[in-house]
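**Q**
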Amino acid sequence: MKSVKVGICGLGTVGGGTFNVLKRNAEEIARRAGCTIEVAQIAARDTNPKCDTTGTPITADVFELVTNPEIDVVVELIGGYTIAKELVLKAIEHGKHVVTANKALIAVHGNEIFARAREKGVIVAYEAAVAGGIPVIKAIREGLSANRINWLAGIINGTGNFILTEMREKGRAFEDVLKEAQALGYAEADPTFDVEGIDAAHKLTILASIAFGIPLQFDKAYTEGITKLTTADVNYAEALGYRIKHLGVARRTDAGVELRVHPTLIPADRLIANVNGVMNAVMVNGDAVGSTLYYGAGAGMEPTASAVVADLVDVARALSCAPQGRVPALGFQADALSELPILPIGECESAYYLRIHAQDRPGVLAKVATILSERGINIESIMQKEAEEQDGLVPMILVTHRVVERNIDDAIAALEALDDISGNVVRIRVEQLN
Ligand code: HSE
1 MKSVKVGICG LGTVGGGTFN VLKRNAEEIA RRAGCTIEVA QIAARDTNPK
51 CDTTGTPITA DVFELVTNPE IDVVVELIGG YTIAKELVLK AIEHGKHVVT
101 ANKALIAVHG NEIFARAREK GVIVAYEAAV AGGIPVIKAI REGLSANRIN
151 WLAGIINGTG NFILTEMREK GRAFEDVLKE AQALGYAEAD PTFDVEGIDA
201 AHKLTILASI AFGIPLQFDK AYTEGITKLT TADVNYAEAL GYRIKHLGVA
251 RRTDAGVELR VHPTLIPADR LIANVNGVMN AVMVNGDAVG STLYYGAGAG
301 MEPTASAVVA DLVDVARALS CAPQGRVPAL GFQADALSEL PILPIGECES
351 AYYLRIHAQD RPGVLAKVAT ILSERGINIE SIMQKEAEEQ DGLVPMILVT
401 HRVVERNIDD AIAALEALDD ISGNVVRIRV EQLN
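Note that the sequence shown covers residues 1 to 434 in full-length UniProt numbering.
Following this line, the structure appears as structure tokens:
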């Protein structure tokens, strides 16, 4: 199997996550890419205690990596505008593809960088620059390519959303929550980028360009942060049935494009109003598809690495496959499909909601519990309602812990055979999805 050689610049939160994901999921990634993706060199001033880099050459000089003839793809994860720009342009000059998570760089210098990349025939991929792990760039550029995009609106700064959520739910003070976001690695090196809306404006600038097909124009984005919001505003909005969210909005009008970032009241029952903590969500409205919503972790070590690695797989596919194979039909290379069997439903595992109609007499509950326990079924909760007037039967509702379905089938058959139980047992599967 061929190998694509990658150089990672920066081994902080995102660089460390990228290294670890590439290493941990190497086999699965190779099955998708059609080649192995090998970290041939890392450029970092410090090691990352969360990464075991044994065997991978490390240099303190990013420019040594960028000019290393062995490397096919440079992954820029150092952030900022200055050195990052220089190293990305140098990488392009040396004919290397670039993957970056640097939204500031793309929003401010993207027009120049893409022009240079076109001249040199290399790819600059930046999925991780917007909304961390959510593949929203791919969704707009590929999945929604049939549409004329009308507008998009997003919660695209995890730190800001985390602060607003903690203020609303726990009444915590702004500064205190910000410190926690910094400690968790969500906040930018300069956290004013998060709380003054600059980070969100970088991301919105990128989204608007790919949505409407316009050059990147960060300097024209209206930017208002969350620093002036008070707990009182948050509570009043709540009393009126609204949530305050820090939104980036880009809308196409007859006159031009609205490009604005500001705190916004949203009806509390909208899905996007319920996006909390560090999570991000982007709504995109297209003329054919209508409104769509993309949700997920907008920051953090491995969610962002997920997007960086997806870009690497894209580059590797472009390098190693015939044009029709850039995105294999099933996402995996045709000759790498696995023989994993599909489980029959009896072998699947779930928790269960059971509704039983039982006679209201002593000992019935004990019999039900015995039938379940004999089959290793653990009851999580149980509720018995008033007897129903017509038939004197009591509805008994149970929620079980997770168990293999065949055990529940067997238990239900035994329950339905009891004289004390009337009719069929209602069974609904329960998934916590957490
Ligand atoms: N500081 C950013 C945020 C990191 O909080 O969303 C991800 O871009």
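Cβ coordinates follow ideal geometry from the N, Cα and C atoms, glycine included.
As the structure is a prediction and not an experimental result, all values here were calculated from the model.
1) Considering only C-alpha positions, which residue in the set His357, Gly300 and Thr370 is nearest to Gln390?
2) Is it the case that the CB of Lys103 approaches a heavy atom of the ligand HSE more closely than 7 Å?
3) Whole-angstrom Cβ separation of Lys120 and Asp72, contact assumed at under 8 Å?
4) Here's a check: name, in chain order, each residue in its chain whose Cβ is nearer than 7 Å to the Cβ of Glu233, leaving out the five neighbours to either side.
5) How many Å lie between Gln359 and Ile421 at the Cα?
6) Are there 16 or more other CB atoms within 10 angstroms of the CB of Tyr352, so buried, or fewer, so exposed?
7) Go ahead and label Tyr186 buried or exposed: buried means 16 or more other beta carbons lie within 10 angstroms of its beta carbon, across all protein chains shown.
8) Assign Arg148 to one of two classes, buried (16 or more other C-beta atoms within 10 Å of its C-beta) or exposed (fewer than that).
9) Under the rule that 16 or more other beta-carbon atoms within 10 Å means buried, what is Thr18, buried or exposed?
10) Just jot down, in chain order, the residues whose CB lies closer than 6 Å to any heavy atom of the ligand HSE.
11) Output the distance between the C-alpha atoms of Ile371 and Leu271, rounded to the nearest integer angstrom.
12) Is Ile345 buried or exposed, if buried means 16 or more other CB atoms sit within 10 Å of its CB?
13) Taking the straight line between their C-alpha atoms, what separation do you get for Leu65 and Phe174?
14) Whole angstroms are fine: how far does the CA of Ile123 sit from the CA of Leu312?
15) Please return the same chain residues whose Cβ sits closer than 6 Å to the Cβ of Gly79, not counting the five positions on each side in sequence.
16) For the region 306-320 against the region 165-173, do three or more pairs of beta-carbon atoms, one drawn from each stretch, fall closer than 8 Å, so that the two count as touching?
17) Should Gly10 and Leu77 be called a contact, given that it needs their Cβ atoms to be closer than 8 Å?
18) Do you know how far the Cα of Ile206 is from the Cα of Asp190?
19) Exposed or buried, what is Cys348 when buried is set at 16 or more other beta-carbons lying within 10 Å of its beta-carbon?
20) From Pro395 to Val364, what distance separates their C-alpha atoms?
21) Please name the residue or residues paired with Val355 in a DSSP beta bridge.
22) Under 8 Å by Cβ, that's how I've got Leu293 and Met283 pegged, so tell me the actual separation to the nearest angstrom.
23) Apart from the five residues on each side of it in sequence, which residues of its chain come closer than 7 Å, Cβ to Cβ, to Arg31?
24) Is DSSP giving Asn150 helix, strand or coil here?
25) Nearest to Ser381 by CA position, among Glu374, Ala369 and Arg375, is which residue?
26) Is DSSP giving Glu386 helix, strand or coil here?
27) What residue range does the alpha helix (DSSP H) around Leu101 cover?
28) Report yes if the CB atom of Phe14 is closer than 8 Å to the CB atom of Ala183, and no otherwise.
29) Could you round the C-beta distance between Gly132 and Ala255 to whole angstroms and report it? I think they count as a contact, below 8 Å.
30) Leaving out the 5 sequence neighbours to the left and right, which residues in its chain are closer than 8 Å to Ile432 when beta-carbon positions are compared?
31) Helix, strand or coil for Arg270, going by three-state DSSP, please let me know.
32) Can you tell me where the alpha helix (DSSP H) holding Lys203 begins and where it ends?
**A** On the basis of the coordinates in this document:
1) In the sequence shown, counting from the first residue as 1, residue 390 sits at position 390. Of the candidates His357, Gly300 and Thr370, the one whose C-alpha sits nearest the C-alpha of Gln390 is His357.
2) The residue given as residue 103 occupies position 103 in the sequence shown. Flag set: Cβ of Lys103 near the ligand HSE.
3) Counting from one through the sequence shown, the residue named residue 120 turns up at place 120. Counting from one through the sequence shown, the residue named residue 72 turns up at place 72. Rounded, the Cβ-Cβ distance is 13 Å, inconsistent with contact.
4) Reading the sequence shown from its first residue, position 233 is the one you call residue 233. The sequence given here places Asp at residue 233; Glu does not occur at that position. Here the set comprises Ile244.
5) The residue given as residue 359 occupies position 359 in the sequence shown. The residue given as residue 421 occupies position 421 in the sequence shown. Spanning the two alpha carbons is a distance of roughly 6 Å.
6) For the purposes of this step, residue 352 is taken as residue 352 along the sequence shown, with counting starting at 1. Buried.
7) Position 186 of the sequence shown, counting from 1, holds the residue named residue 186. Its Cβ being crowded by 16 or more others within 10 Å, Tyr186 is buried.
8) Position 148 of the sequence shown, counting from 1, holds the residue named residue 148. It is exposed - the Cβ of Arg148 has fewer than 16 other Cβ atoms within 10 Å.
9) Looking up residue 18 in the sequence shown gives position 18. Buried, because 16 or more other Cβ atoms sit within 10 Å of the Cβ of Thr18.
10) Chain-ordered list of matching residues: Gly132, Asn157, Gly158, Thr159, Tyr186, Ala187, Glu188, Asp194, Asp199, Gly298 and Ala299.
11) By 1-based counting over the sequence shown, the position of residue 371 is 371. By 1-based counting over the sequence shown, the position of residue 271 is 271. Our two residues, Ile371 and Leu271, have alpha carbons roughly 41 Å apart in a direct line.
12) Reading the sequence shown from its first residue, position 345 is the one you call residue 345. Exposed, since its Cβ has fewer than 16 Cβ neighbours within 10 Å.
13) Position 65 of the sequence shown, counted from the start, is the residue given in the question as residue 65. Position 174 of the sequence shown, counted from the start, is the residue given in the question as residue 174. Roughly 40 Å between the two C-alpha positions.
14) Indexing the sequence shown from 1 puts residue 312 at position 312. Indexing the sequence shown from 1 puts residue 123 at position 123. In a straight line, the C-alpha of Leu312 is about 10 Å away from that of Ile123.
15) For the purposes of this step, residue 79 is taken as residue 79 along the sequence shown, with counting starting at 1. These residues qualify, in order along the chain: Asn102.
16) no
17) For the purposes of this step, residue 10 is taken as residue 10 along the sequence shown, with counting starting at 1. For the purposes of this step, residue 77 is taken as residue 77 along the sequence shown, with counting starting at 1. Cβ atoms of Gly10 and Leu77: closer than 8 Å.
18) The residue labelled residue 190 in the question sits at position 190 within the sequence shown. The residue labelled residue 206 in the question sits at position 206 within the sequence shown. Near 20 Å, if we compare the C-alpha coordinates of Ile206 and Asp190.
19) Stepping through the sequence shown from its first residue, residue 348 is reached at position 348. That one is exposed.
20) Locating residue 395 in the sequence shown gives position 395, where the first residue counts as 1. Locating residue 364 in the sequence shown gives position 364, where the first residue counts as 1. Their backbone Cα atoms lie some 12 Å apart in a straight line.
21) Locating residue 355 in the sequence shown gives position 355, where the first residue counts as 1. For clarity, residue 355 is Arg in the given sequence; the question names Val instead. DSSP lists Ile397 and Val426 as partners of Arg355.
22) The residue given as residue 293 occupies position 293 in the sequence shown. The residue given as residue 283 occupies position 283 in the sequence shown. Sure, about 5 Å apart at Cβ, within 8 Å.
23) Taking the sequence shown and counting its residues from 1, the one referred to as residue 31 is at position 31. Taken in chain order, the residues that qualify are Phe332, Gln333 and Ala336.
24) Mapped onto the sequence shown, residue 150 falls at position 150. In this structure, Asn150 counts as strand in the three-state DSSP scheme.
25) Numbered from its first residue, the sequence shown carries residue 381 at position 381. If we check each option's Cα against that of Ser381, Ala369 comes out closest.
26) By 1-based counting over the sequence shown, the position of residue 386 is 386. Three-state DSSP puts Glu386 in coil, outside helix and strand.
27) Taking the first residue of the sequence shown as position 1, residue 101 is located at position 101. Residue identity check: residue 101 is Ala in the sequence provided, not Leu. First-last for Ala101: undefined, no H or E at that position.
28) By 1-based counting over the sequence shown, the position of residue 14 is 14. By 1-based counting over the sequence shown, the position of residue 183 is 183. According to the sequence provided, residue 14 is Val. The question's Phe does not apply to it. Contact flag unset, no.
29) Start at 1 with the first residue of the sequence shown, and residue 132 comes out as number 132. Start at 1 with the first residue of the sequence shown, and residue 255 comes out as number 255. Actually they are not in contact, since the Cβ atoms of Gly132 and Ala255 sit about 33 Å apart, beyond 8 Å.
30) Here the question's residue 432 lines up with position 432 in the sequence shown. Note that residue 432 is Gln in the sequence shown here, rather than Ile. Result list for Gln432: Ala351, in chain order.
31) Along the sequence shown, one-based indexing puts residue 270 at 270. Three-state DSSP puts Arg270 in coil, outside helix and strand.
32) Position 203 of the sequence shown holds residue 203. Counting along the chain, the alpha helix (DSSP H) containing Lys203 begins and ends at Ile198 to Phe212.
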